[in-house]
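Residue 129 in numbering that gives the first Met the number 0 is what sits at position 130 of the sequence shown, and the numbering runs on without skipping anything.
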Amino acid sequence: MSNEQENPLLQYIFNNPEEFARNLTKIAENSGKALAAYLEPRESGRVQDETPEELSLAVKTLAQVGEYWMKDPARAIEAQTRLWTGYMHVWNNTLKRMAGEDSAPTITPAPGDKRFRDAEWEENQFFDFVKQMYLQTTQWAEHLVEGATDVDEHTRHKAAFYVRQITNAMAPSNFILTNPELLRETMTSNGENLVKGMEMLAEDIKAGNGEVKLRQSDPSSFEIGKNVANTPGKVIAQNDVCQLIQYEPQTEQVYKRPILVVPPWINKYYILDLNEEKSFIRWMVEQGHTVFVISWVNPDERQSQKSFEHYMQEGIFMALDTIQKTTQQSTVNAIGYCVGGTLLAIALAYMAKTGQKDRVATVTFLTTQVDFVHSGDLRVFVDEEQIKLLEDRMNKQGYLDGSKMATAFNMLRSNDLIWPYVINNYIRGKEPFPFDLLFWNSDATRLPAANHSFYLRNCYLTNNLAKGELEIDDIKIDLKDVEIPVYNLATREDHIAPAISVLEGSHCFGGPVEYVLAGSGHIAGVVNPPHKNKYQYWTNDGLHRDINDWLNTAEEHPGSWWPHWQEWITDKDNTLVKARKPGARRVKILEDAPGSYVKVRL
């Protein structure tokens, strides 16, 4: 037997030790630049480190779980025994393999876990041992949280989130010496990957003003208005809150009722207009709709006191007034996406209370929550203590920095949206691939302090909207007053607006609701053009309370939900009129779409 067969780790040797030594000097130099980029904004006072406060909240939460197990000696011994028993199983399994015996692994990664795809995670005894010990520890930690039955549900939800962040960060796949693929690359390139990686890290910390601005895509490959957000149109109105875009018609005749799209302001509207093939906006125009879209401002301290009421009055109502002026139509079909849909639902209930219900004929909600009882993983960030801390920070500058919200969303799926890019960028030293969806994902927006506080408190914290106790403009509103037809789209794998939450919200309205469930998640399930023939969607004539009951009696359809929605919307009114161009009825054209607001970056 050769030495290499006796010790498979012998394959990991440097091709050129002298070159590696030279690269070590470059790595140290770039590491110093990264440290300087981190320290400079803190030393100058431009950045205040918020990590201690966030760490304190995490420690406090995990301590409550730990207290549950430690206050009962028998329970603590049980937990320790479970951990060590698992370790012994892994150790015995490894000893058998070292002796040349066949032995099934004690624990294996989940089917969708992409971290351990390299063959050596199974074939190499050392890496297989490290992998199994990690998986065993992770499973044990998760069971500790699940088993802390005396701890309230919200605290356990937060603890599970923190445990997931810790275990994801400590995965052996994230470190050179415990990842066979990274170790091979480092050895064969004599550390050149780390030289480039440290250089990119320094650049990203500097670009993030002392925080790592993680590159998920190649930003140089995209330009807003050129190859993203490029459906032809004009900006026909604007104020301190938003711009209103009207798109150029693509057909000689159009449906009489215009469409107003209310996107979220947590992200930019062009998720619905990524490119020619993926654009829901372009597709609607091609079907014969006159489409108007609100493009929200990327706010700063000047918008600090802009509340939900301002976004309703200066956003939705301004848009409705402008649409009526330029089209001479007093009634529209409205579409709301995510939090834009929540605002739209509030506006509809407000209009019903104030004698304006005829302004909107139908409403389509895309992954929108109005009942927040089952509001998904974002709920880990919402309780009185965390909201108060967030409000104190927002009040200092008037807004929540967009990078904070982007980080929160990324942390919900850190094994998909954080660690693969940390490895690719800073260890492998490779530029990320150009991907329009991730370019949009990294194009974060700030959130006005008053608006965000209102949303967190009245929706996530108290669920006042669903209870009929929310007040806006000093008027208490009730979603039961919204009696127009509703098309309510959920997506099956949504972790932001879970399908069960959207279904629950369907029962809040007073009119007919068409609940539709699409395959995939919060973004891909919505942005699913028909020609791709991807995913599927489900429909059901009944509106059950339980999502499983609804699915068990639902009909599955292949492909995109877009044509189904087109049938639904035209069934309400299919009257055609001559196509309308932007700028009609003396409405001034301000600039070409996509406008200037969407181009403001952090």
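Quick reminder that beta carbons are idealized off the backbone N, C-alpha and C, glycines included.
- Nearest to SER634 by alpha carbon, out of ILE106, VAL194, THR137 and LYS305? This structure cannot speak to residue 634, because the chain is shown only from 0 to 601.
- Query: Where does TYR254 sit, in a helix, a strand or coil, going by DSSP?
  - Reply: strand
- Can you tell me the Cα-Cα spacing of GLN286 and GLU42, whole angstroms? 56 Å
- At what residue ranges does the stretch 335-376 contain a whole run of the beta strand (DSSP E), taking only runs of 3 or more? 359-365
- Do you know how far the Cα of ILE471 is from the Cα of ASP400? 25 Å
- Let me know the secondary structure DSSP gives LYS277 once reduced to three states. coil
- Query: Which word fits ASN92, buried or exposed, when buried means at least 16 other C-beta atoms lie within 10 angstroms of its C-beta?
  - Reply: buried
- In terms of residue numbering, what span does the beta strand (DSSP E) encompassing PRO557 cover? 554-557
- Expressed to the nearest angstrom, what Euclidean distance is found between the alpha-carbon atoms of VAL261 and PHE316? 11 Å
- Item | GLY510 classed as buried or exposed, judged by whether at least 16 other C-beta atoms fall within 10 angstroms | exposed
- Please classify GLN47: is it buried, with 16 or more other beta-carbons within 10 angstroms of its beta-carbon, or exposed? exposed
- Would you mind stating whether VAL526 and ASN487 have Cβ atoms separated by less than 9 Å? no
- Item | Residue nearest to TYR459 in terms of C-alpha spacing, selected from TYR420, LYS479 and SER374 | SER374
- Message: So, with DSSP's three-state summary, where would you put PRO72?
- Response: helix
- Task: With a floor of 4 residues, list each alpha helix (DSSP H) that falls wholly inside the stretch 267-324, ordered by position along the chain.
- Result: 279-285 and 307-310
- Would you check if there are 3 or more beta carbon pairs closer than 8 Å linking the stretch 146-153 to the stretch 63-74? yes
- Message: Assuming GLU184 and ARG427 are in contact, meaning their beta carbons sit under 8 Å apart, how far apart are those beta carbons, in whole angstroms?
- Response: 6 Å
- Exposed unless 16 or more other CB atoms sit within 10 angstroms - verdict on ASN2: Low local confidence applies: a pLDDT of 43 at ASN2 is under 50, so the model's placement there is unreliable, and no value is given.
- Considering only C-alpha positions, which residue in the set LYS352, GLU141, GLN249 and ALA578 is nearest to ILE474? LYS352
- Compute the distance between the beta-carbons of MET404 and SER303, then report whether it is under 9 Å. no
- Item | Close beta carbons around ASN167, own chain, < 7 Å, minus the five adjacent residues each side | SER413, ASN414 and TRP418
- Task: Measure the alpha-carbon distance for ASP493 versus SER519 and round it to whole angstroms.
- Result: 7 Å
- Item | Closest Cα partner of ALA35 within the set ASP572, ALA140 and GLY207 | GLY207
- Message: Could you tell me the alpha carbon to alpha carbon distance between ILE483 and PRO529, rounded to whole angstroms?
- Response: 27 Å
- Reference GLN242, options ILE204, PHE291, ARG281 and GLY335, closest by Cα: PHE291
- Query: In the DSSP assignment, what residue or residues form a beta bridge with TYR536?
  - Reply: ALA517 and HIS556
- Message: Excluding the 5 residues flanking TRP567 on each side, which residues of the same chain have their C-beta closer than 7 Å to its C-beta?
- Response: TYR486 and GLU513
- Task: Take the Cβ of HIS563 as the centre, count every other Cβ of all protein chains shown within 10 Å, and call the residue buried at 16 or more, exposed below.
- Result: buried
- Query: Taking Cβ to Cβ, would you say THR289 is nearer than 9 Å to ILE334?
  - Reply: no
- Query: Quick one: Cα of THR326 to Cα of GLU390, how far?
  - Reply: 41 Å
- Query: In angstroms, rounded to a whole number, what distance separates the CA positions of PHE125 and GLU53?
  - Reply: 36 Å
- Task: Quick one: measure Cβ to Cβ for ILE106 and LEU134, integer angstroms, because I've assumed they're closer than 8 Å.
- Result: 5 Å
- Three-state secondary structure (DSSP) of GLN249: coil
- Message: Here's the rule: buried if 16 or more other CB atoms are within 10 angstroms of the residue's CB, otherwise exposed. What is GLU5?
- Response: Any reading at GLU5 must be qualified, since the residue scores a pLDDT of 48, below 50, and its modelled position is unreliable; the value itself is stated next. Under this definition GLU5 is an exposed residue.
- Report the rounded CA-to-CA distance for MET0 versus GLY99, giving the unit in angstroms. At MET0, the pLDDT of 38 sits below 50, so the modelled position is not reliable; the number obtained from the coordinates is stated separately. Approximately 13 Å between the Cα atoms of the pair.
- Item | Cα-Cα separation between TYR425 and ALA159, rounded to whole angstroms | 28 Å
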